[in-house]
Each structure stands twice: as C-alpha cells, then as structure tokens.
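S.K.:
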Amino acid sequence: MSFPLTSSFHSLPSHFAASFLVNSNSAKLQSPILMSLPQNPSSFPLHISRSFTRAPANSSAVFRPNLRVRASSKTPNQATDAKLIAISSAVTITFAVANRVLYKLALVPMKEYPFFLAQFTTFGYVAIYFSILFLRYRAGIVANEMLSLPKSRFAAIGMLEALGVASGMASAAMLPGPAIPILNQTFLVWQLLFSAVLLGRRYSFNQIAGCLLVAVGVIVAVTSGSETSQVLSGIKLMWPGVMIASAAFQAGASIIKVKAIPICHEFYGIEFVFIDAAKRLHGKSLDIFVVNSFGSGFQALFVLLLLPLLSNLKGIPFLELPSYLKSGAACFLNLGGCEGAPLLPLLYIVTNMAFNISVLNLLKVSSAIVASLTVTLSVPLSIYILSLPLPYLPNGASLSPFFLFGSLILMSGLVLYNIAQPSKAGSKWD
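Under the working numbering, think of the first position of the sequence shown as 5, with each following residue one higher.
#1: Cβ-heavy atom distance between Ser362 and the ligand NAP below 8 Å?
#2: Buried or exposed: where does Asn188 fall if 16 or more other Cβ atoms within 10 Å of its Cβ makes it buried?
#3: Is it the case that the stretch 381 to 389 contacts the stretch 174 to 191, given that we only count it when at least three CB pairs across the two stretches are under 8 Å?
#4: Thinking just about the alpha-carbon of each residue, which of Phe191, Ala225, Ser199 is nearest to the one in Ala249?
#5: With three or more beta-carbon pairs closer than 8 Å as the criterion, would you say the stretch 371 to 380 touches the stretch 417 to 426?
#6: Can you look up Leu435 in the DSSP assignment and give me helix, strand or coil?
#7: Counting only runs that start and end within the stretch 104 to 190, where is the beta strand (DSSP E) found for 3 or more residues in a row?
#8: Given a threshold of 16 other Cβ atoms within 10 Å of its Cβ, counted over all protein chains shown, does Thr125 qualify as buried or as exposed?
#9: Taking the Cβ atom as the reference point for each residue, do Phe127 and Leu311 lie within a distance shorter than 9 Å?
#10: Write down the C-beta distance between Ser411 and Ala401 rounded to the nearest angstrom, noting that I regard them as a contact closer than 8 Å.
#11: In whole angstroms, what separates the C-alpha of Phe276 from that of Val220?
#12: Straight-line CA distance for Arg205 to Ser199?
#13: Measure the alpha-carbon distance for Leu308 versus Ala147 and round it to whole angstroms.
#14: Measure the CB-CB distance between Phe134 and Val295 and report whether it falls below 9 Å.
#15: Looking at the strands, I want to know which residues DSSP matches up with Leu397.
#16: Return the chain-ordered list of same chain residues with a C-beta closer than 6 Å to the C-beta of Phe302, the five sequence neighbours on each side being excluded.
#17: Identify, in the order they occur along the chain, each residue of the same chain with its Cβ nearer than 8 Å to the Cβ of Phe298, setting aside the five sequence neighbours on each side.
Take a look at the structure:
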C-alpha cells in the first residue's frame, strides 16, 4: 500500500531524508541510509510500502514490520502542461481575433439589417444551449430543482443582453472596424463600477488604476488628433455612444449573473460559483447551462419585443417592421444583392461558438488570469487586422499616432488590471 508524504517527514533537515530498512530475518536494525534530496520535497514524491513477515511457530521472535521508504524521481510532466497551455492560448487568440474581425465583416452585407442578424444569432444560441441542457438533464447532471428556480433574474439578464447585442450590432455596422474593439473595452469600466456599487466589491489600487487607464486610452484613441485624422471622423457621435451603452448593458447582465449565481467572477462573468441557487438547492451548484439556456431564451424574446424601440435608431417606423424583417431574411440569403451573405454571418456565428469553447478550454487547462491576458492580447491584433484592406472592406482604415497611443494606454490598463488579480489554484476549472 502506498501512502503520500506526511508531515512527519518534514522533521528531518530540509535537504535530507532517511530510509530505514528493517530486516525481519534479523533482529539487527540496519543503519539509516541518508540520501540527499532536492530542496523542494514536493517535487520529489515519496512512496511508503509496509508489509509484515510472520516468524516461524517455534520462534520466540516478535512480528517485525518491513518498512520501506522509496523516493521516486518521477515528477509531473510540466513541459507537457506548458505546451498544452501554449497551444490552447494560441488557439484562443486565433479564434478571438477571428471573432472580432468576422463580427465586423458579418455586418457588411447586413449593414441595414443588424436587428435581424441579432435575432437570428440569438435564436441560434437558444437552440444550441437548450439542446445541451436537454442532454445534461437526461444524463442526470441537471436536476428538476434547477429548472424550477424563479426566472425573474434570468429575464433581467436576457433583457440586458438583448439590449447589448442589438445596440452593439446597430452601432458596429456604422463604425470603422478598429474603433469597435477599442470601444468594447469600456465593458471593464462599467463592470468595475456596477460591481462596486451593486455588489459592494472592493478592488485593489492596481485594478482601479488599470480601469482608469482603459478609460483614458479609449478617450485618447477615439477623440485625439485633427478633425480629419480621428478614427471616428465623419461618424455621428451617436454611434460610439450606442456602442458604449451596449457595453454597459452587457456589463449589467454579467453583474446580475454574479448577484444571482456566483461567489467568484474572475473572467468576465464566466467563472461562477453559485450563491442564491445554492441556498435554494441546499448547497448544490446551479448548472451553468441552466443560466445560459434561460438567459438566451429571454434574450431572444426581448430582442423581438424591443424591436419597435431599437428600430428607431435606424429610423424604421413600427408599421414597417414586418417588411424590414422580410427584407432582412432576403438579404441574409443574398437575394437582394447582399454580397457576402450568408457566408460571412454564418462564419461569425460558428467562430463565436468556437471562441467561447476555446476560452472555456483554456480556463480548464490554465487559469482565469491566463485566459484574460490571452483575450487581451487579441485586442491590438484585431485593431491591426481591421485597419487592413479586407474582403468586402477594401479601403481599410488609417490609424493616426494618437489612436495608436491611446490603444497602447488601453492595453497597459488591461494588463495592469488582469495581473492585479490574485492567482489562485481555485481559479482553475475542473
């Protein structure tokens, strides 16, 4: 039988360990054998095996145990783990950049129909999430008690996410590509503000400083420079405002998730340990797909219900909404000269799902901080690629020195905020 290292072995000097070999056939105790071990005992596993040899019946000898302490030089293959994390990070960065780029490209053919694309995307997620939820329910992972939880908070999450998705797509269709990743980073500012006010969460000085740098970086990037060199030159002020409001809606939804469900919220609302649900479920954790499924269901409902209000952003009268949706469907199928559809929208939806899966996988093999910094690295790469001439965006965008300087400030803030988070073993997903 093998036993792990116990505290009794730590009574030896830090650089020595003893191996006592007791021979049952001899009453003589062998001298201890001292072996020099590494300074870090945890990296040099010990295995203890114990057996008893019975003395002959005519012998007066007592039972003497054979106790062997065996030191193993085998250590966990850290090189393999590091390689896996590196590969997972590279895959996540690739999908993160592709997700941001295809988000803009998908809106090129659907520029006049962003609300249709938002509705189509949301219904796609509803079908996927509820299918996964059904499978987990059949497997016994999701219990009836989880499905019977009050849905009011799920409705609030769905409403805010509907506002965030619809307003985000409406503004992204009108904004230059490089400005979208920059303005989206205001999510962090809103999240810190809401969690401090609504949840009473306290942040370190470095996290607050990082958040302020993000805000300053956004302002410098989109407003500095001459009138003609600004990245938002010729764009109505309303559209960057709508994009910032979209980030606020999504940050609010993530805070309600934290309020309704988790103790820990280390990676943009993904890493959850449930609170209120645990009370109702007598200590059981609420399955994340219950939240995603019902949240997406209410999101699809509210995107539909809020269309009359949101359509005013595009100047679409309420009575013209049916024809708007019909024209949007025709455009999606490329029946009205919408070059790039349906390929680009479908590519965006598939890439977005792949990105979400890759982030969860990276969280599983590494930690929330690694995942956060990996996604952060995708921001400047996305800005650069979106500034280049692309299919269906042949003109590209020129980046002024002020925009680059603001982007550098923003990136510094994101890195400072993320490295300020405590790195815990518990941040890993199991």
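In this text, a Cβ means the ideal position worked out from N, Cα and C, and glycines have one as well.
M.R.: In terms of the structure at hand:
#1: Absence of the ligand NAP is noted for the structure shown, with no ligands found whatsoever.
#2: buried
#3: yes
#4: Phe191
#5: Yes: at least three Cβ pairs fall under 8 Å.
#6: Because the chain here runs from 5 to 434, residue 435 falls outside it and cannot be looked at.
#7: none
#8: buried
#9: no
#10: Not really, about 13 Å apart at Cβ, beyond 8 Å.
#11: Reliability of the predicted coordinates at Phe276 is poor, the pLDDT of 37 falling under 50, and no value is obtained from them.
#12: 6 Å
#13: 30 Å
#14: Their beta carbons are not under 9 Å apart, which means Phe134 does not touch Val295 by this criterion.
#15: Leu394
#16: Correct list, in chain order: Phe158, Ala159, Gly162.
#17: Cβ within range, chain order: Lys155, Phe158, Gly162.
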